[in-house]
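Engineer: Could you have a look at this structure, given as structure tokens, before my questions?
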């Protein structure tokens with residue numbers, strides 16, 4: 001027997017196996033996952049495992065290594081989140097999300113830090129040795145909402161798209177703020193004196209860390225898209241590039257102390273549309289499937305390890321500190337959401353209702369990121385107290401809030417997600433309205449989201465697509481892609497039901513085709529020729545005109561741009 | 001900048017990226033891969049990389065770690081090979097393959113070992129300090145044909161199925177022999193005296209290592225199949241189990257000093273048909289795609305590292321020893337193939353032609369397994385000579401033989417692989433002949449391959465399928481599956497061409513359906529109802545009768561088995 005030799009891969013494989021089998025186990029009993037979120041069950045399994053290890057070895061089970069968490073377990077989940085991020089609601093609410101993520105997190109950090117410092121001043125609690133800086137450092141790690149925990153719970157309760165993206169987007173983007181504040185306070189703890197220069201440098205870092213992450217991510221994303229232009233002869237390694245480049249973007253960002261989470265999300269969102277167009281259908285199925293599989297396994301492992309790491313002797317119990325941490329976490333988050341939403345609602349027509357506000361505040365779950373950060377703290381005499389407080393906050397939010405949020409959503413009758421995908425008709429109308437709004441914004445001189453979206457789309461079709469797409473001369477719009485997808489699905493269903501008439505090969509059916517075509521025009525799903533026409537009409541009449549026609553702007557005079565194309569365009573239209 | 005923190009995953013990712021980009025690079029120039037095998041190009045890239053590292057650092061570049069090779073790079077390739085192994089030609093030629101793999105490898109080991117020892121006795125060569133045992137140890141590692149190298153070359157030259165499986169099957173199954181002989185001679189080297197008991201124990205180990213590997217593999221394979229019975233509600237982690245269980249089988253076998261390669265192949269071949277039936281179509285696409293991707297990357301990395309490791313100062317050059325190693329490798333293999341094929345041809349109607357024999361002997365490429373084994377040798381003063389000789393043999397076989405085998409195959413007009421997949425008609429006939437031959441074997445009392453295949457099939461449908469398949473009441477034969485696949489492919493093509501009549505939803509077409517059906521019976525691909533009928537007829541008339549009817553056998557009397565079912569069966573048939 002030679003166990004030493006295979007120990008590392010063997011144990012890793014066994015842990016993953018345990019995680020997967022646990023997942024299967026829960027799903028065998030259909031009732032269980034509908035009541036208790038999977039994350040709770042997994043932590044519970046972890047607690048039992050930890051108990052067994054503790055009982056057998058009589059010493060604390062190994063805690064989750066922060067390096068393993070940040071380098072191997074977190075990236076797959078964030079990549080999955082970024083790749084499948086619904087980009088429309090995300091960009092529609094980007095302002096609100098950033099407000100929650102940046103201002104909200106700073107508010108929480110300072111709120112929790114200062115009020116815990118206040119608690120430490122009470123002599124009866126015997127906590128006077130915890131300094132303000134340590135409290136702020138603790139606040140910076142405990143304040144951030146955790147994307148893994150949020151995703152695990154919100155995927156199961158199916159709230160409406162906007163609410164989901166507000167909580168989930170915040171949990172992803174607050175990483176930049178958490179990284180900056182955590183590192184800032186950590187370095188302050190080690191400095192003898194703090195100058196005001198350092199504080200201002202900290203504020204500047206926000207932008208560097210966040211925007212730097214976006215830049216790193218986008219550059220890797222575009223490189224990935226560019227690489228997949230050349231994989232036509234070797235389809236089998238196409239999925240690899242998606243994973244390799246996104247992982248490199250994460251690692252590179254971490255290497256430069258930028259926000260890895262922001263980088264990998266920017267990379268995934270940046271590459272998605274180009275990669276999808278370049279790689280084969282099977283490669284794309286593999287990419288999607290493997291991303292889901294990987295993130296699901298990572299997620300499972302994280303929650304199990306969270307449970308395992310809870311058991312042990314690395315806790316220092318102090319009732320007042322732990323209870324007040326929990327209370328302040330809840331109170332400051334609720335206050336923050338109320339105040340920020342008040343400002344957000346003043347500038348938006350489509351306001352956030354008070355029910356939504358409650359769910360946003362209540363959905364602020366903490367998770368494995370806090371846990372890993374608290375173990376990364378430099379050794380000082382109250383570290384075990386911080387670990388205990390973090391563990392309690394995580395377990396409380398995941399168990400109590402995670403388990404009650406579904407009944408609450410039902411009770412409050414929060415607007416749910418619509419079940420069906422948008423029809424082709426809806427898509428066309430949404431597209432039409434986008435162009436219309438971009439035109440209105442242009443005329444009124446307001447540079448809103450539609451204006452920027454339009455500019456981006458123009459830049460994309462003019463430059464990016466030509467560089468990044470293999471067949472850039474035939475860019476397919478989302479409508480055509482949707483139609484193709486529906487058509488494929490229909491074909492598969494027909495084939496499965498055995499109803500696929502071998503029509504086109506059959507002369508008698510070919511004669512029928514024309515009448516079928518005529519009838520189909522009246523039906524819901526149009527045929528590709530009709531759709532191409534429709535597409536052509538949309539593109540010519542709405543988009544091109546807006547682009548080449550004289551836009552009202554404070555900076556250019558009418559007829560200033562591309563005068564050569566203009567009359568030609570009109571001629572085509574008249575024709 | 002914090003490079004230390006991310007170094008390990010970053011460098012691994014970069015190596016994989018380099019390997020993938022190199023692969024893309026070769027395929028951009030279509031002419032290059034058609035002349036030079038990819039493996040040669042990759043080794044060449046590795047040599048350049050090694051040269052650069054050597055030039056910059058002024059010390060030997062890192063050699064490929066044997067642990068990394070055996071634990072992480074080799075398993076994906078062998079899993080891929082086992083999973084996609086064409087089982088019919090493999091089992092049809094299993095006897096010949098085993099003869100080549102076991103007797104042939106032993107022949108080569110002792111041939112090379114003893115004749116090199118003879119060379120060492122020549123005083124002029126100054127090699128008298130290399131003992132017989134060391135020569136045999138060296139022979140045991142240099143004799144084995146390498147599956148990775150064989151696969152890389154044979155995948156590109158498309159020889160006929162039988163020839164391919166003979167060389168490739170040998171390269172896979174000789175692992176058991178290599179493991180035993182290598183470990184035996186290594187332990188002999190460390191023993192003060194060798195007793196004859198040890199030698200006999202070594203012979204016994206052959207069976208333990210080989211059969212043990214098969215057992216470990218099959219048990220993990222069946223567990224994997226059993227596990228996928230319960231993944232219906234959680235499709236996304238289905239592919240994971242295929243990878244996890246096969247990897248565990250490999251690691252477990254290695255742990256008990258059994259043959260990991262044999263184990264993982266047995267696991268893959270054992271689980272394949274059950275897993276395929278249990279998991280969803282998309283999961284299966286992901287499994288296949290990822291397996292190919294993973295093995296392709298591993299393969300690329302192995303050849304690049306082989307190149308990198310060649311550069312450096314760990315070689316001791318001795319012209320006679322190295323030249324004679326090369327000559328003996330070629331001569332003993334050629335002799336072995338000639339002698340063994342002579343015996344094989346005496347017992348087979350379908351003989352191995354002399355052209356095939358030449359290609360079998362010439363296709364005995366050495367690769368990374370030898371290379372890793374020679375670095376695993378215990379330190380002794382001539383280790384560097386062995387490393388040099390191994391490197392030369394690998395480079396010679398991969399470059400010279402690998403590059404000339406394609407022109408030789410063309411020149412000799414070796415029978416090529418047929419391009420098209422077998423038609424449904426052919427499949428039915430093959431199946432029919434199988435039953436016929438099983439019947440003939442049964443009557444003549446000869447327990448040949450058809451007899452055993454039939455018994456296995458019976459055992460499979462009676463017990464294994466009920467335990468391992470989720471929907472065991474509708475076992476689908478390969479014909480039905482093939483038909484479904486063709487049907488799906490056809491549907492996809494129709495959908496892509498936009499010719500999919502939305503027929504069944506349309507009343508006018510539904511009326512046509514009957515005539516279409518009638519016509520289809522005359523066409524090549526039958527419709528599922530017709531096929532089910534055909535299937536039913538085949539199953540009832542050929543299979544069941546053979547099973548329940550009184551088989552002639554020396555050990556049972558006629559009418560001995562299952563008398564209750566017999567008349568009932570006849571009634572149904574008469575009906």
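Chains as they are written, first to last, in the UniProt record's numbering: chain X, 1 to 575; chain G, 1 to 575. Beta carbons: idealized from backbone N, C-alpha and C, even for Gly. Given the structure is predicted, the values throughout are model-derived calculations rather than measurements.
1. Taking the alpha-carbon positions, what's the residue 123 of chain G to residue 65 of chain G distance?
2. Once the 5 residues before and after residue 177 of chain G are set aside, which same chain residues still bring their CB inside 6 Å of it?
3. Report all residues from its chain with a CB closer than 8 Å to the CB of residue 91 of chain X; omit the five preceding and five following residues, and keep chain order.
4. What does residue 16 of chain X reach in chain G if we use C-beta pairs closer than 7 Å?
5. Tell me whether residue 28 of chain X is buried or exposed, calling it buried when 16 or more other Cβ atoms sit within 10 Å of its Cβ.
6. So for residue 6 of chain X, helix, strand or coil by DSSP?
7. Measuring only the C-alpha atoms, how far is residue 240 of chain X from residue 264 of chain X?
8. Would you please verify whether the beta carbon of residue 256 of chain X is less than 9 Å from any beta carbon of chain G?
9. According to a CB-to-CB cut-off of less than 7 Å, which residues of the segment 13-42 of chain X neighbour chain G?
10. Our contact map puts residue 71 of chain G next to residue 61 of chain X with C-beta atoms below 8 Å; I'd like the distance itself, whole angstroms only.
11. Between which residues of its own chain and residue 22 of chain X is the CB-CB distance below 6 Å, once the five residues before and five after are set aside?
12. Residues of the segment 133-166 of chain X with a CB closer than 9 Å to any CB of chain G: list them in chain order, please.
13. For residue 318 of chain X and residue 81 of chain G, I'd like the C-alpha separation in whole angstroms.
14. List the residues that DSSP assigns as beta-bridge partners of residue 159 of chain G.
15. Need the endpoints of the alpha helix (DSSP H) that residue 459 of chain X sits in, please.
16. With a cut-off of 9 Å, does the C-beta of residue 492 of chain X fall near any C-beta of chain G?
17. Report the residue from X:467, X:15, X:38 and X:227 whose alpha carbon sits nearest the alpha carbon of residue 234 of chain G.
18. Spell out a yes or no on whether the segment 294-306 of chain G and the segment 118-133 of chain G are touching, meaning 3 or more CB-CB pairs, one atom from each, closer than 8 Å.
19. Go ahead and pull the three-state DSSP assignment for residue 173 of chain G.
20. Beta-carbon separation of residue 307 of chain X and residue 43 of chain X under 9 Å?
21. Using a C-beta cutoff of 9 Å, does residue 233 of chain X count as contacting chain G?
22. Return no unless some Cβ of chain A is closer than 9 Å to the Cβ of residue 384 of chain X.
23. In this structure, how does DSSP classify residue 357 of chain X when only helix, strand and coil are distinguished?
24. Are the Cβ atoms of residue 430 of chain X and residue 163 of chain X separated by less than 9 Å?
25. Identify which residue in G:18, G:466 and G:444 has its Cα closest to the Cα of residue 227 of chain X.
26. Using the beta-carbon count (16 or more within 10 Å), is residue 272 of chain X buried or exposed?
27. Any C-beta of chain G sitting closer than 9 Å to the C-beta of residue 2 of chain X?
28. Taking Cβ-Cβ distances below 8 Å as the criterion, which residues of the segment 65-99 of chain G are in contact with chain X?
29. Helix, strand or coil: how does DSSP classify residue 264 of chain G here?
30. Considering only residues of the segment 347-410 of chain X, which uninterrupted alpha helix (DSSP H) runs meet the minimum length of 4 residues and lie entirely inside it, listed in chain order?
31. Assign residue 583 of chain X to one of three DSSP states: helix, strand, or coil.
32. Over the uninterrupted alpha helix (DSSP H) stretch that includes residue 135 of chain G, give me the two end residues.
33. Between which residues of its own chain and residue 113 of chain X is the CB-CB distance below 6 Å, once the five residues before and five after are set aside?
34. So is residue 381 of chain G buried or exposed if we call it buried at 16+ other beta carbons inside 10 Å?
35. What's the call for residue 327 of chain X, buried or exposed, on a 16-neighbour Cβ count within 10 Å?
36. Should residue 484 of chain X be flagged as near chain G, meaning a C-beta pair shorter than 9 Å?
Structural biologist: In short:
1. Their Cα atoms are separated by approximately 36 Å.
2. The answer, listed in chain order, is 102 and 105.
3. Cβ neighbours of residue 91 of chain X beyond the five flanking positions: 449 and 453.
4. Neighbours of residue 16 of chain X on chain G, chain order: 244.
5. Exposed, because fewer than 16 other Cβ atoms sit within 10 Å of the Cβ of residue 28 of chain X.
6. Note: residue 6 of chain X maps to helix in three-state DSSP.
7. Cα-Cα distance, rounded: 15 Å.
8. With 9 Å as the cut-off, residue 256 of chain X counts as an interface residue toward chain G.
9. For the segment 13-42 of chain X, the set of residues with a beta-carbon nearer than 7 Å to any beta-carbon of chain G comprises 13, 16, 17, 20, 23, 24, 27 and 28, in chain order.
10. At roughly 25 Å, the Cβ-Cβ gap does not stay under 8 Å, so residue 71 of chain G and residue 61 of chain X are not in contact.
11. The answer, listed in chain order, is 45.
12. Those would be none; no residue qualifies.
13. About 59 Å.
14. Looking at the DSSP assignment, residue 159 of chain G forms a beta bridge with G:416.
15. Run containing residue 459 of chain X: 449-459, per the alpha helix (DSSP H) assignment.
16. Under the Cβ criterion of 9 Å, residue 492 of chain X is counted among the residues facing chain G.
17. Relative to residue 234 of chain G, the option among X:467, X:15, X:38 and X:227 whose CA is nearest is X:38.
18. Flag = no, the segment 294-306 of chain G and the segment 118-133 of chain G do not touch.
19. The three-state secondary structure of residue 173 of chain G, taken from DSSP, is helix.
20. It is a contact, given that the beta carbons lie within the stated cut-off.
21. Yes, contact with chain G.
22. In the structure shown, chain A cannot be found, because the protein chains are X and G.
23. Here DSSP, grouped into helix, strand and coil, assigns residue 357 of chain X to helix.
24. Against a cut-off of 9 Å, the Cβ pair of residue 163 of chain X and residue 430 of chain X comes out as no contact.
25. Of the candidates G:18, G:466 and G:444, the one whose C-alpha sits nearest the C-alpha of residue 227 of chain X is G:18.
26. With 16 or more neighbouring CB atoms inside 10 Å of its own CB, residue 272 of chain X falls in the buried class.
27. It does: the Cβ of residue 2 of chain X has a partner Cβ on chain G nearer than 9 Å.
28. Here the close residues are 67, 71 and 72.
29. Per DSSP, reduced to three states, the secondary structure at residue 264 of chain G is helical.
30. Whole alpha helix (DSSP H) segments, 4+ residues: 354-362, 368-375 and 383-395.
31. No answer is possible for residue 583 of chain X: it lies beyond the span of chain X, which begins at 1 and ends at 575.
32. Residues 132-142.
33. Once the five neighbours on either side are set aside, the close Cβ partners of residue 113 of chain X are 135, 136 and 139.
34. Residue 381 of chain G comes out exposed.
35. Classification of residue 327 of chain X: exposed, given that the 10 Å Cβ count is below 16.
36. Interface with chain G (9 Å Cβ-Cβ cutoff): residue 484 of chain X is included.
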